[in-house]
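Here the structure is laid out as structure tokens; the discussion comes afterwards.
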Amino acid sequence: MDTGTGMTYGPQDFPELKRLRRPVGAIEDWLEQDAAFGVLLTDGRLVIRYCNQWLRRRKRPAGGDLAGKPLLDAFPELRERRLEHYYRQALNGQLQILSQRFHHYLLALPADPPEGPGALMFQTARIYPVREDDAIAGTLTVLEDVTERVRTETVLRRKTAVSQSMADLSQALISTATLEDISHLVLRMAQELTESTSGFTGYIDGSTGRLVSPTLSRTSWDICRIKEKTVVFERFTGLWGWVLNNRRPLLANDAAADPRSTGLPAGHPPVRNFLSAPALFEDRLVGQVAVANSPRDYTDEDLHLVRRLADLYALAISRRLMENRLHELSITDELTGLYNRRGFMTLAEQQVRIAGRTRKGLLIVFIDLDGLKWINDVLGHPEGDRALRDTADLLRGTFRESDIIARVGGDEFAVLALEAAPAEGEILERHLREGVAGRNAAADRPYRLSLSVGTACYDPGQPAALDALLGQADLRMYREKEKKRRDAAAIIR
Amino acid sequence: MLLTAEQRDALTELINIAFSRTAAALSEITSRRVLISAPQLGVHPLGELQDALAVLIPGEVATVHQIFTGNIAGDALLVLNYEGATQLVDLLADELSPAGRLDPSGREVLMEVGNILLNACLGMFGNVLEVQVSFSVPRLRLEDLRGMLTDMLIGGDDIRVALVVYTTFRLKDSDIGGFLVLILGVSSLERLLAAVGEWAARTGDE
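Note that the protein sequences, when read in sequence, are chains A and B.
Quick note, the first sequence lines up with residues 108 to 600 if you use the numbering used here.
Quick note, the second sequence lines up with residues 3 to 208 if you use the numbering used here.
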């Protein structure tokens, strides 16, 4: 053998090898004293003939020298777990392989080091048929302790699952998935990774400050007698409320005894343990991730994981809320809060199509704020803006919430009144005039509000396009405006 | 070498009996319904087997290999493509292999499954032949199929043929395809076929 030092060794250099007169005996000694696995030999009647020190030391209750004892008496768990048939098959000449994943263990030996009281060693086992003179004379069992390996694999598997979940979630964040879908995805991952049987995710509605949870299951709705699909919480109470109120995560392995708990509502399923983190975006509370009822205690690692999920969830919530806000901005008029022309046309066209299918009437009302130019020029633009907001309030007060009300130009407004008969046009115009009169009676403005109004009806018997209806209403409004001008000129003359 | 229709039917029936025993054993240890079917069976000269299987299982394969000796002797293989092997292990053990790779526990599961299947098939042939067939310790081999078959091509004076059984494991709404391959000398195959023929005649008479 070249040792790399220029010197070559051969067997002659190891005189102790020459002294090895009983090589099999040496192996036997090694198997007995040093082998890092268990060896158990039985005869054809499954009576133990030998088991090595490794196995004898670990046997509980300690059985001393097991030689001569029937295998199934020395290890009654084989019969209890219906594993003795593996020995019968080995005696039939077939090698048996038992993996830990399916069987956990063959012989009940304590784990080393113990993971918890009563924890048993994970084992892989092989049961070989032992042949003598072409007949099967017994069995040889070789047991390997794989507990440490299983623990390592479990950690690795968990880390892989966590990485995969985070990658999936990151992918969802940049996809077109809705906030509802992402809420479900985050909850599923939080439950899987913490082995929790229940939980919820929710986001804070920026306009109301309420917690909106799209993920509470139907069972929860039934139990809590909640009818809506999306559950909304106005008050933040109990452990989950503590998380939102304090903007801090919470881990409670004895939820009922936790001083922050305020008890459960009647009919609520029991909560054994609870883990939750707030979703914070730039220090702003935007949502929450909560899980409960894991069969094991939650750990700091679980807490860290739920916090990471909550961080990603916060990003998703902020992005979706921002998108919604942008969407609203693109179809609403910032000054009055009504729809703008784009919003009106988009929604009104959709409603005209629906009316065509459902054969229901519609009413289009075109409204012009008279004298806006004069107000702007003489009283200033802030007063002009106030006149526009007054008009918007008047329209909101006159029409139903479901009607589509819009500011479609500088001083022009349009309303699409849904499910309205032609006769209602006159009623609505009268209401509008009464509203204007009421507004002017307040006498708190340096001008009198005046509106010119024109209406057009959508008759499902004679469907017309939205543009044509708007044209009709606009023309009627224009005629009214012209009439007002002529009347005013006549008065001046 | 071609099989007659009778030989093919009898062999398929025998293998299906062995497979149903394997499926029962797997269902027992995993507590879930496992079905294994052998829809097709073919015989190829060993030299052609590489090409035949390489088309069907390209890339990495996972093979449980067992040598058997006795009145009939040869090599028994359960061949799955690596992805299929990982999927089978995941479904049976109800856990996900990290990054789609077989960890040591996954390999043990595959060894146990392969051992049960090969034991059932070889045990069945032993019963039919009414002789004891001895099996070696199975080995799990994760390598290119071509390299492994080349090892088997070398050595052995007898002309060797491969009995290929197309195998499908079905569990949890998933089908995982694989192959049971028995590589035998022509004389072993002839003894096997003769014994199978006698078994078919015997069972047909009963």
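Ideal placement from N, C-alpha and C gives every residue a C-beta, glycine not left out.
#1: In the DSSP assignment, find the unbroken beta strand (DSSP E) run with residue 437/A in it and report its ends.
#2: Here's the rule I'm using: 16 or more other beta-carbon atoms within 10 Å means buried, otherwise exposed. How should residue 203/A be labelled?
#3: Pick from 529/A, 216/A, 501/A: whose alpha carbon is nearest that of residue 443/A?
#4: DSSP three-state label for residue 277/A, please.
#5: By DSSP, does residue 259/A sit in helix, in strand, or in coil?
#6: Compare the C-beta of residue 503/A with all C-beta atoms of chain B and state if any pair is closer than 8 Å.
#7: Which partner residues of residue 203/A appear in the DSSP bridge assignment?
#8: Is it the case that the segment 46–60 of chain B contacts the segment 178–189 of chain B, given that we only count it when at least three CB pairs across the two stretches are under 8 Å?
#9: Is residue 515/A helix, strand or coil by DSSP?
#10: Contact check, residue 145/A vs residue 227/A under 8 Å by CB: the rounded distance?
#11: Beta carbons nearer than 8 Å to chain B: which residues of the segment 137–150 of chain A have them?
#12: Could you pull the DSSP bridge partners for residue 84/B from this structure?
#13: For residue 110/A, is the classification buried or exposed, using 16 other Cβ atoms within 10 angstroms of its Cβ as the cut-off for buried?
#14: Helix, strand or coil, according to DSSP, for residue 291/A in the structure here?
#15: Between which residues of its own chain and residue 199/A is the CB-CB distance below 8 Å, once the five residues before and five after are set aside?
#16: Name the two residues that bound the continuous alpha helix (DSSP H) containing residue 469/A.
#17: Residue 289/A to residue 340/A, Cα distance in whole Å?
#18: According to DSSP, is residue 442/A part of a helix, a strand, or is it coil?
#19: Chain B beta carbons: is any one of them nearer than 8 Å to that of residue 328/A?
#20: Hey, how far is the Cα of residue 422/A from the Cα of residue 551/A?
#21: Secondary structure at residue 328/A, three-state DSSP: helix, strand or coil?
#22: Work out the CA separation of residue 377/A and residue 68/B for me, nearest whole Å.
#23: Quick check on the burial criterion: 16 or more other C-beta atoms within 10 angstroms. Buried or exposed for residue 208/A?
#24: Using a Cβ-Cβ distance under 8 Å, would residue 604/A count as near chain B?
#25: What is the DSSP secondary structure of residue 59/B, reduced to helix, strand or coil?
#26: Run down chain A in chain order and give the residues with a C-beta less than 8 Å from the C-beta of residue 32/B.
#27: What are the residues that DSSP puts in a beta bridge with residue 311/A?
#28: Using 8 Å as the threshold, is the C-beta distance between residue 475/A and residue 588/A below it?
#29: Taking C-alpha atoms, which residue in 132/A, 307/A, 271/A, 159/A lies nearest to residue 400/A?
#30: In the DSSP assignment, find the beta strand (DSSP E) that holds residue 46/B and state where it starts and stops.
#31: Between residue 109/A and chain B, is any beta-carbon pair separated by less than 8 Å?
#32: For residue 557/A versus residue 478/A, is the C-beta spacing smaller than 8 Å?
#33: Give the secondary structure of residue 76/B by DSSP, where H, G and I count as helix, E and B as strand, and everything else as coil.
#34: How should residue 583/A be labelled, buried or exposed, when 16 other C-beta atoms within 10 angstroms of its C-beta is the threshold for buried?
#35: Drop a sphere of 10 angstroms on the beta-carbon of residue 260/A, count the other beta-carbons inside from all chains shown, and report buried for 16 or more, exposed for fewer.
#36: Counting only C-beta atoms, is residue 105/B closer than 8 Å to chain A at any point?
So, from the listed chains and residues:
#1: In this chain, residue 437/A is not harboured by any beta strand (DSSP E); it is covered by the alpha helix (DSSP H) spanning 407–438.
#2: Classification for residue 203/A: buried.
#3: Of the candidates 529/A, 216/A, 501/A, the one whose C-alpha sits nearest the C-alpha of residue 443/A is 501/A.
#4: Secondary structure of residue 277/A (DSSP, three-state): helix.
#5: Reduced to three states, the DSSP call for residue 259/A is helix.
#6: No, its Cβ sits nowhere closer than 8 Å to a Cβ of chain B.
#7: Bridge partners of residue 203/A: 234/A.
#8: Yes, since at least three Cβ pairs between the segment 178–189 of chain B and the segment 46–60 of chain B fall closer than 8 Å, the two stretches touch.
#9: The answer is coil: DSSP assigns residue 515/A none of H, G, I, E or B.
#10: With 8 Å as the limit, residue 145/A and residue 227/A do not qualify as a contact, their Cβ atoms being about 14 Å apart.
#11: For the segment 137–150 of chain A, the set of positions with a beta-carbon nearer than 8 Å to some beta-carbon of chain B is empty.
#12: Note: residue 84/B sits in no beta bridge, so no partner.
#13: In this prediction, residue 110/A has a pLDDT of 48, which is less than 50 and means its spatial position is unreliable; nothing more can be read from the coordinates.
#14: Secondary structure at residue 291/A: helix, using DSSP grouped into helix, strand and coil.
#15: Here the set comprises 236, 243.
#16: Unbroken run through residue 469/A is the beta strand (DSSP E), 469–476; no alpha helix (DSSP H).
#17: Approximately 19 Å between the Cα atoms of the pair.
#18: Reduced to three states, the DSSP call for residue 442/A is coil.
#19: A caution first: residue 328/A carries a pLDDT of 49, below 50, which makes its placement in the model unreliable, though a value can still be read off. Under the Cβ distance rule, residue 328/A does not count among the residues neighbouring chain B, no pair being separated by less than 8 Å.
#20: Their backbone Cα atoms lie some 47 Å apart in a straight line.
#21: Low local confidence applies: a pLDDT of 49 at residue 328/A is under 50, so the model's placement there is unreliable, with the coordinate-based value given in what follows. Helix, per DSSP.
#22: Note on geometry: alpha-carbon atoms of residue 68/B and residue 377/A lie some 54 Å from one another.
#23: Looking at its Cβ environment, which holds 16 or more other Cβ atoms inside 10 Å, residue 208/A is buried.
#24: Beyond the ends of chain A as shown, which are 108 and 600, falls residue 604/A; an answer cannot be given.
#25: Residue 59/B carries a coil assignment under DSSP once its states are collapsed to helix, strand and coil.
#26: In chain order: 209.
#27: In the DSSP output, where bridge partners are listed per residue, residue 311/A has 318/A.
#28: With a cutoff of 8 Å on beta-carbon distance, residue 475/A and residue 588/A are scored as near each other.
#29: Closest option to residue 400/A, judged by alpha-carbon separation, among 132/A, 307/A, 271/A, 159/A: 307/A.
#30: 37–47 is the extent of the beta strand (DSSP E) around residue 46/B.
#31: Annotation note: pLDDT 47 at residue 109/A (below 50); position unreliable, coordinate value reported separately. Residue 109/A does not count as touching chain B.
#32: Result yes, Cβ atoms of residue 557/A and residue 478/A sit closer than 8 Å.
#33: Strand, per DSSP.
#34: With 16 or more neighbouring CB atoms inside 10 Å of its own CB, residue 583/A falls in the buried class.
#35: Only buried fits residue 260/A, as 16 or more other CB atoms lie within 10 angstroms of its CB.
#36: With 8 Å as the cut-off, residue 105/B counts as an interface residue toward chain A.
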